[in-house]
Amino acid sequence: MTTFSGDYQGNGLKIGIVVARFNNFVTERLLAGAQDSLVRHGVTATDIDVAWVPGAFEVPLVAQQLATTQKYDGLITLGAVIRGETSHYDYVCNEVSKGVAQVGLQTGLPTMFGVLTTDTVEQAVNRAGVKGGNKGADCALSVLEMINLKRQVLN
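Here is the structure:
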C-alpha cells in the first residue's frame with residue numbers, strides 16, 4: 194500500500210496570491226498571515242507575487258490568469274465577503290467559491306480558497322488573526338501541503 198502525504202516545505206516554490214481590496218481592513222491581515230506563514234516555511238519573499246483586485250467577485254478571473262502563466266507552483270485567494278441587507282452576499286459567495294474551485298480543477302494548480310464569508314464584521318476580523326487564528330496563514334499551509342502532495346502523486 195502506498196500512502197501519499199504532503200508537507201509544509203516551501204523551499205524553491207513560487208506562490209501567487211490574489212487579494213480582494215474590498216474590506217481591506219480584513220484582507221490586509223489575511224495577506225500578512227499568508228506571507229508570514231509562507232516565509233516561515235521556506236518560501237522566499239521574492240517568490241511571492243501579490244495581485245490586488247477590486248473585490249471578491251474579481252478574484253477567480255485573476256487567479257485563472259495567474260494560473261495560466263505557468264509561473265506558479267500554487268495560488269492562494271483571499272477576500273472578505275460580509276453579509277449585508279440584500280441577497281448580493283449569497284450571489285457573490287456562490288460565484289466566487291465556484292470560480293476559485295474551477296481554477297484549480299481546470300488547471301491542476303493547487304488553488305486555495307481563503308475568501309471569508311461571514312455574517313458579521315466581527316466574525317471576519319476574528320478569522321483574520323484576532324481570535325480565530327488567521328485563515329490566510331491556514332491557506333498558506335494548505336497550498337504548501339497540496340503542492341508537495343501533488344508532486345508525490347505525479348512521481
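So the number in this note's numbering is just where the residue sits in the sequence shown, counting from 1, plus 193.
A virtual CB, placed ideally from N, CA and C, is assigned to each residue, including glycine.
DSSP, read as helix, strand or coil, puts PHE197 in coil.
Of the other Cβ atoms in all chains shown, fewer than 16 fall within 10 Å of the Cβ of GLY325; this residue is therefore exposed. One Cα belongs to GLY307, the other to ARG344, and the distance between them is close to 22 Å. A straight line joining the alpha-carbon of VAL346 with that of SER198 spans about 9 Å. Its chain contains HIS234, LEU334, LEU337 and GLU338 as the residues whose beta carbon lies nearer than 7 Å to that of TYR201, once the 5 sequence neighbours on both sides are disregarded; these appear in chain order. Where ASP283 is concerned, there is no enclosing beta strand (DSSP E), although the alpha helix (DSSP H) around it starts and stops at 281 to 300.
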